[in-house]
Amino acid sequence: MADEPVRVMGLSGSISATSANQSLLTLALRAAEQAGAETVRWDLEENPLPLVGAAGSWEDENVKEFQEMAKSVDAFIVSSPEYHGSMSSVIKNQFDWLYFEHVEGKTFGVMSTLGGQTNSNTLNHLRLVVRWLRAWVVPTQVAVGKVKSAFNEDGELEDEELASRVEKLAQEVIDHAIRMRD
Ligand SMILES: Cc1cc2nc3c(=O)[nH]c(=O)nc-3n(C[C@H](O)[C@H](O)[C@H](O)COP(=O)(O)O)c2cc1C
Numbered sequence: 002m003a004d005e006p007v008r009v010m011g012l013s014g015s016i017s018a019t020s021a022n023q024s025l026l027t028l029a030l031r032a033a034e035q036a037g038a039e040t041v042r043w044d045l046e047e048n049p050l051p052l053v054g055a056a057g058s059w060e061d062e063n064v065k066e067f068q069e070m071a072k073s074v075d076a077f078i079v080s081s082p083e084y085h086g087s088m089s090s091v092i093k094n095q096f097d098w099l100y101f102e103h104v105e106g107k108t109f110g111v112m113s114t115l116g117g118q119t120n121s122n123t124l125n126h127l128r129l130v131v132r133w134l135r136a137w138v139v140p141t142q143v144a145v146g147k148v149k150s151a152f153n154e155d156g157e158l159e160d161e162e163l164a165s166r167v168e169k170l171a172q173e174v175i176d177h178a179i180r181m182r183d
C-alpha cells in the first residue's frame, strides 16, 4: 500500500469538455501523472449527476458510481469557474454528493477560473467546503483570471508562471496524500 501510486480524482465545476475548467483540470492531472500518480475523472457530459434531492436522485446509478470513484482515490484536484463571486452550482452539487466516508482525511488541491481579474473568492469558498467534509487542502492554489485569453490553441496556459504553479499544486497534493498514509 505504501508503494502504491497516489490516486487522484479530478472534479470540474464546468460540464463541457471544451470548458476552461476542464482544460485546467487536464493540465493538473497531467502534472499529477508526471509526478507518479494515477488519475481518474468523472465525465459529467456522459454521466450527469442529478441535483441532490431531485426525484429519484437518492437511487441514481451515476451517483453511486461517482461516490465509488471518490472512495477509491487518495486525493482530489478541483477546478471551478467563479460565478457571482463563488463556486459554480455544478461543483457544489458534486461536493453535496460526497460524505465523510468518501473524502474524510483525504487531500485536495483547489483551482478556479474567472472572466475578470484574478481573486481568491472561489478558492476560499472551496476551502471552506472541503473543511466541512473533514479533508485537507494544500497551500498552493491556482486562480486563472481573464480566462478567455489564458489558454493557447493547444490548451496550455500562456502564463508560464501559472503553468508552473499548476505543477506545484499537483506535486503538493501527491506529497501530502503520501504523508497522510503514515
Ligand atoms: C452565471 C455566471 C456568473 C459569473 N460570475 C463571474 C464573477 O463573479 N466573476 C468573474 O470574474 N467571472 C464571472 N463569470 C465568468 C466565468 O467565471 C467564466 O466564464 C468561467 O470562469 C469560464 O470557465 P469555463 O470555460 O470552465 O466555463 C460568470 C459567468 C457566469 C456564466
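The sequence shown maps to residues 2 to 183 in this note's numbering.
Backbone N, C-alpha and C define an ideal beta-carbon position, used for all residues, glycine too.
All of these numbers come straight from a predicted model, not from anything done at the bench.
Closest to E105 by C-alpha separation, out of E34, D75, E173, would be which residue?
Of E34, D75, E173, the residue nearest in Cα terms is D75.
Go ahead and label G37 buried or exposed: buried means 16 or more other beta carbons lie within 10 angstroms of its beta carbon, across all protein chains shown.
Label assigned to G37: exposed.
Look at I78 and A144 and say whether their C-beta atoms are less than 7 Å apart.
With respect to the 7 Å criterion, I78 and A144 are not classified as neighbours on the basis of their beta carbons.
In this structure, does DSSP put E161 in helix, strand or coil?
The three-state reading of DSSP puts E161 in helix, counting H, G and I together.
Would you say the beta carbon of E34 comes nearer than 6 Å to a heavy atom of ligand 1?
Every heavy atom of ligand 1 is 6 Å or more from the Cβ of E34, so no.
Compute the distance between the beta-carbons of L50 and N63, then report whether it is under 7 Å.
Cβ distance < 7 Å, so L50 and N63 count as in contact.
Whole-angstrom C-beta distance between E83 and S113, which should lie under 8 Å:
Going by Cβ atoms, the distance from S113 to E83 rounds to 6 Å, so yes, they are a contact pair.
How many Å lie between E162 and T119 at the Cα?
C-alpha separation (whole angstroms): 14 Å.
Pick out the complete alpha helix (DSSP H) segments inside the stretch 7-35, 4 residues or longer, and give them in chain order.
Fully enclosed alpha helix (DSSP H) runs of 4 or longer: 21-35.
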